[in-house]
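Per full-length UniProt numbering, the very first residue in the sequence shown carries number 1; after that it's consecutive. Using N, Cα and C, we set each Cβ at its ideal position, and we do this for glycine too. Beneath this line is the structure, given in structure tokens, with notes to follow.
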Amino acid sequence: MFKFLTKLFFISFLLNFVWEITQMPLYGEMGMGLRDNYLEFLKIHWEVSLKDALMVVVAYLLIGYLVKNWEWAKTFNHGWVLLWISLPLWQGIIEYYSVYIYFRWEYAESMPLIFAIGISPILQMLILPSLAILLFRQTFSNSIE
Numbered sequence: 001m002f003k004f005l006t007k008l009f010f011i012s013f014l015l016n017f018v019w020e021i022t023q024m025p026l027y028g029e030m031g032m033g034l035r036d037n038y039l040e041f042l043k044i045h046w047e048v049s050l051k052d053a054l055m056v057v058v059a060y061l062l063i064g065y066l067v068k069n070w071e072w073a074k075t076f077n078h079g080w081v082l083l084w085i086s087l088p089l090w091q092g093i094i095e096y097y098s099v100y101i102y103f104r105w106e107y108a109e110s111m112p113l114i115f116a117i118g119i120s121p122i123l124q125m126l127i128l129p130s131l132a133i134l135l136f137r138q139t140f141s142n143s144i145e
């Protein structure tokens, strides 16, 4: 199990890091440092990607607990549905508070919105956790160690 979770964390981090950098044009000044400050830019995206990866691992464990099956991702089942609902919903809450309550960042005009929330971070948590799990699905061939 630890091996799988470590791999899940690592691939989630890599996928999220690429996504975070790619979606930068959809955000305005982030209040966490100017984009032209390269070291600050890397630090911010490193930290955010680590948090995203941790969120994926925690969601995986919580879903395993709820469905009473740590290998829930081995086949399509209600664990996947929980993943597809819970992480985008949680990300939407984080986005709302970060943008409208704490003013940590803002959206650029180019960011498509749904219910005043940026669609890119919602898609991020809809697509990337599933992709990370599928990339390491072969880990389930025997059992989770």
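Cβ separation of residue i and residue j, assumed to be a contact under 8 Å, to the nearest whole Å
{"i": "leucine 8", "j": "isoleucine 93", "result": "Actually they are not in contact, since the Cβ atoms of leucine 8 and isoleucine 93 sit about 22 Å apart, beyond 8 Å."}
{"i": "arginine 104", "j": "serine 110", "result": "Rounded, the Cβ-Cβ distance is 19 Å, inconsistent with contact."}
{"i": "glycine 28", "j": "alanine 108", "result": "5 Å"}
Pairwise C-alpha distance: residue j and residue i
{"i": "glutamate 20", "j": "serine 49", "result": "7 Å"}
{"i": "leucine 106", "j": "lysine 51", "result": "According to the sequence displayed, residue 106 carries glutamate and not leucine. Distance between the alpha carbons of glutamate 106 and lysine 51: 19 Å."}
{"i": "leucine 66", "j": "asparagine 37", "result": "43 Å"}
{"i": "phenylalanine 76", "j": "proline 112", "result": "30 Å"}
Cutoff 6 Å; reference residue i; Cβ partners in own chain excluding five residues on either side
{"i": "proline 88", "result": "Ile122, Met125, Leu126"}
{"i": "glycine 64", "result": "Trp70, Trp72"}
Residue i vs residue j beta-carbon contact at 8 Å
{"i": "serine 120", "j": "leucine 83", "result": "no"}
{"i": "leucine 128", "j": "asparagine 16", "result": "yes"}
{"i": "glycine 13", "j": "alanine 53", "result": "Per the sequence presented here, residue 13 reads as phenylalanine, with glycine not at that position. Taking 8 Å as the Cβ cut-off, phenylalanine 13 and alanine 53 qualify as a contacting pair."}
{"i": "leucine 26", "j": "glycine 118", "result": "yes"}
{"i": "leucine 5", "j": "valine 57", "result": "yes"}
Beta-carbon contacts of residue i that lie in its chain and below 8 Å, excluding the five residues immediately before and after
{"i": "histidine 45", "result": "Phe17, Glu20, Ile21"}
{"i": "isoleucine 101", "result": "none"}
Fully enclosed by the stretch 63 to 119, which beta strand (DSSP E) runs are 3 residues long or longer?
none
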